[in-house]
Each structure stands twice: as C-alpha cells, then as structure tokens.
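Chains as they are written, first to last, in the numbering used here: chain W, 1 to 181; chain F, 1001 to 1380.
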C-alpha cells in the first residue's frame, strides 16, 4: 500500500471516526464494543481501500462493513463473551438523562441484533428499504418485517405501565385524550 | 412507537457523550497490511498449491512440534546459527519457540522452499504471526549495510528477498529494533520485525499481538525464541514414494499444516534444481486417504483406466508463462486418492516419464492409508 494511499485512508478514517463510532454505538449500545467494532471495520476497509477509495459512496461501503461485522460477531457468539474491565464502559453522564424514566437505551438494547441494525439503517442512516436490504443481505420484505417487529418491540418496551401513562401516550385506546395522570 | 419516534429516539441516543476513542488507525493499517500481504503470498504460491487441480492432502505431521524427534540433533543455540545455503523443504529449518498465551506453537500453515520457510500461526482472536526465514544470500543486503544507510539518513533501506517472482518479499527498514539474541534487528515500515539471524541470513516476523500486550516487546520475545535448525533430517511424512526419477531430482517445495487428527494438508513439488523455485516438474502431488481428497473429474478431463483403477486426465496448454501440463486425478487406489500435475519442461517436445499416466503406473508407489507405513523419503 503506497504512502499516499495510507495517508488518504488515515485522513478518511479520522474525518469519519466520530460518525462511525456513533453508528457502532447505536448498534452495540456499549462504547467499548462500539470501538472494537469500528476497529474491525476499518481494518477490513484498509484491506479493500484500493477499491473503496474509488467508490462514489465510501461512507455507504464502510457502513455496510460495520453492520455486517456487527451481525457476524453476534452470530459468532462474541456477544456472549464477557470482558471484565473494572470500570463501567459507559457511565451515566453528569446531567440527568431525560429519557431515563422510559429506559430508551434498554428498549433498543432489548431488540435482537438484526432488528436493531435494521432500525439504525432505516432511521438513523436514512436508507430506504432496498438500500437496507442490500446492506443486510436480505430481501426487501424481510427489511419491512424486521422494521415492523422492531417498532413493535420498542413500543412494548417504552409503553408506560397503565394508570401512570402520560396524557399524550394513552395506555388504552379508550384512554386517548383523557389526560389521566 | 412509529417511524418518526424511532428516528427521534436514535438521534437523541447518538448525541450521548462519548468517552475518548480507543480506535487505533495505525493498528488497523498494520493488521490490514498483513492481510494484504498474505493474499499476495497466497497468489504467488498458487503454482505450488494449486495451478489447476486442487491438491488436497496429507503430508507430514507432528515434526514441527518437536525439536528432538526422529533424527533431529536439536536446534542451534541462539546467536550461533549456521544455516545451510539451501534449505531442505522436507526438513523445516525453523519453528516457533515462545508465543503469547493462547497462540498455538504448531504452525497453522507452512510452506518450505530451498530458499525460504514460511510459518503462520494464530488467529485474529488470539494474535496471529507469520515467520519467514531465508537461506543465506537470498536477500539483497546485509544488516551492516542497513545500519549504514539508516545512520546516513538515506531514506528507508530496502530489504528485498524476492525469488524470481515467487513468494516475493520487499519491505523497507524504518529504524533499529532491539537486538534479537545479539543479532542486529530492525523495524520495517509496517512494524514487521526483521533481523539477521546469521551472517547474510534474514528472518522476519509479522504479527498482531492481541489486546493488552506490547507489540514491540512481544515481537522481540517471539523472535528471540525462534528455533533454528529445528529439524535437521527430513521429517515430513508422506503416504507415497516416487521411484526411478533422476538422481539429481529433489523436493523443491512442500506445503503442510497440522490438523486436529494429526494429519496435515499440503502439496509437494519435485524436480531438478531450478531457478524457479516451487514449480518443480511434478507438482502439487497430493495423496490422501480416500474421502479426504477433493480429487474429482474436472471439466474437460478424460476418463482413463490405469491398472484397473479409474483416473481422470486433464491436459492444459501453456498459459500466462505456466508451461503445458497434465493433471491426473485418481479418486481411489489402495485406500488413497492421488492427484498431481506434471509440467512439460521448457524446450521439451514431450512430457517426461510417459506423461502423468506413466508416472502413476511406473514411478509412484502408494503406501496405504496407515500413517505407520508412511515415509520421510518421498523420493526413493
């Protein structure tokens, strides 16, 4: 690999690192795992950099590498291996998290990996159904069904328990607009 | 939760405060570079490994683990290595000594040539390493010259150990490394460790040491524990023997690896001493217990019967510098399957020995599927 291509690769990764980490974090729900995933992805990218650098959409290419590595690791049981580090990988920030009451992260983490990946591709990366299908290596119909299941799963996880539901999130259809507290 | 809600949720989560990044771009380049080099090596080794027919096979086993088995006189002491001018492909000259915990000492893959030995071990999870050892005089410079060039700031001195386009190695020295058993050593530009293990004889170690370990310290320690002259006598075992070949003929390359059941896969090439190492005249000889071979009937092959045994013969014309060849596949003979490629020597009007079928009928002795009957002398 020539020095110039090395420089190009390094410059690209440095410029896109924050974005890659965010996507990886949304997939993994853990910053350490996210960084490991990004490390794997950029290593693969380096192997294919000669071809990747000529593509019109390098971001899309590396995003596909990232998602596929994520799903591959989950299939391989990597997620079952536990690394004890002695510190919590992502401690809560000093400011209160407005979503704590609804346990947003838990809801997303509770989704199966493929559903989570589908949500991230469709609604964070803004890919359409066909584009997502290509990245995930499945049919458009599967993407649609995975999306529907994922949204249903989030809905179930985030739905507040009955009488304490907020007025704008009715717990029961007949409770709509009643403003029960 | 609808699509808009999911979008909002993900957006909010994505702006969560991130800890400092642990991503190491330089490490990605190093590991990616090693993978690229292995691909290039694999492509260059294709004539030996499989130029046409696949040689799926059983070759020797166990000897690489053992420094003192079967006629071996033991490895040479560090700093007192006296390598031969040409390696014997059937007696692997070097072996890993120490490796980080979890990395197997037995090579996962290996190829042995008269001028070079390559050992690969490990995995992405445990750490992976490839060791290359060259016979004296194979590479273009000696350590003293590299030191002079580095001191004189004449860029990165080139270390070129290419062998007529086969399994080429070219890299550039970046800076001095700690001495390896008292011998001069250098870090190459991609963090490969290169050292002159004997006068005018180089070795290189490329590796990924895994999380939590110091790359430099680990690499130097591995290098310092490499055992040279690990096997002095031929130690790869074969389930066949070639007979009646010219006395000058020798093994020109051997590929092997250990398997869980003690069997190793690889290929053997034999021929006269050649400026084109690895090709041989009879190449990719693979003999394996029936059921362990991928020998089949490739497209364009002719079915023939040899001593009552079914065989498939494929003729290949010269192509991209590779000479004309005959490939013979015998799916089952005496409990073994056999396949090999016979190249027509340049300038010769005909295939020697009566062609591939002549070799099978008159020059190949099969020793059966029982490893106890195999031989370390495939050239009888």
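We treat Cβ as the ideally placed atom computed from N, Cα and C, and that holds for glycine.
Within the region 5-18 of chain W, the residues whose Cβ lies closer than 9 angstroms to any Cβ of chain F are, in chain order, 6, 9, 10, 13, 14, 17 and 18. Put simply, the CB of residue 42/W is near chain F, with a gap under 9 angstroms to one of its CB atoms.
Chain W places a beta carbon closer than 9 angstroms to that of residue 1002/F, counting this residue as a contact.
Excluding its 5 nearest sequence neighbours in each direction, residue 45/W has C-beta neighbours in its own chain below 7 angstroms: 52, 62 and 65, listed in chain order.
Look at the beta carbons and you see the region 1009-1022 of chain F touching the region 13-29 of chain W: at least three pairs across the two are nearer than 8 angstroms. Within a 10 Å sphere around the beta-carbon of residue 1034/F sit 16 or more other beta-carbons, which makes this residue buried. Around residue 124/W, the beta-carbon contacts reaching into chain F at under 8 angstroms are 1007, 1010, 1011 and 1014.
Contact check between the region 1326-1341 of chain F and the region 1358-1376 of chain F: three or more CB pairs, one atom from each, fall below 8 angstroms, which counts as touching. The shortest CA-to-CA distance from residue 1331/F to any of 1348/F, 1171/F, 1321/F and 1288/F is the one to 1288/F. Within chain W, the residues placing a beta-carbon under 7 angstroms from that of residue 1021/F are 17, 21 and 35, ordered along the chain.
When C-beta distances to chain F are compared with 7 angstroms, the residues of the region 110-139 of chain W below that value are 119, 120, 123 and 124, in chain order. Around the C-beta of residue 1244/F, fewer than 16 other C-beta atoms lie within 10 Å, and the residue is accordingly described as exposed.
Contact annotation: residue 1113/F and residue 1083/F have beta-carbon atoms that are not nearer than 9 angstroms. Counting only Cβ-Cβ distances below 8 angstroms, residue 1024/F has contacts in chain W at 39, in chain order. Chain-ordered listing is empty here: chain F has no CB closer than 9 angstroms to the CB of residue 27/W, the nearest sitting near 11 angstroms.
Within 10 angstroms of the beta-carbon of residue 1214/F lie fewer than 16 other beta-carbons, which makes it exposed. In the structure shown, the three-state DSSP call for residue 1160/F is strand. Boundaries around residue 1128/F are those of the beta strand (DSSP E), 1127-1134, since no alpha helix (DSSP H) includes it. Neighbourhood of residue 1032/F in chain W, by CB distance below 9 angstroms: 1, 9, 42, 43, 44, 45, 46, 47, 48 and 49, in chain order. Counting only runs of 3 or more residues that sit fully inside the region 1183-1237 of chain F, the beta strand (DSSP E) segments are 1183-1188, 1193-1198 and 1201-1208, in chain order. Residue 1269/F and residue 1284/F do touch by the CB rule: their CB atoms are close to 7 angstroms apart, below 8 angstroms. At a cut-off of 9 angstroms, the C-beta of residue 1150/F has no neighbouring C-beta in chain W. In the displayed model, residue 1122/F falls within a strand according to three-state DSSP. DSSP places residue 1081/F in no beta strand (DSSP E); its state is neither H nor E. In this structure the region 1096-1113 of chain F does not touch the region 1136-1143 of chain F; the number of beta carbon pairs closer than 8 angstroms is below three.
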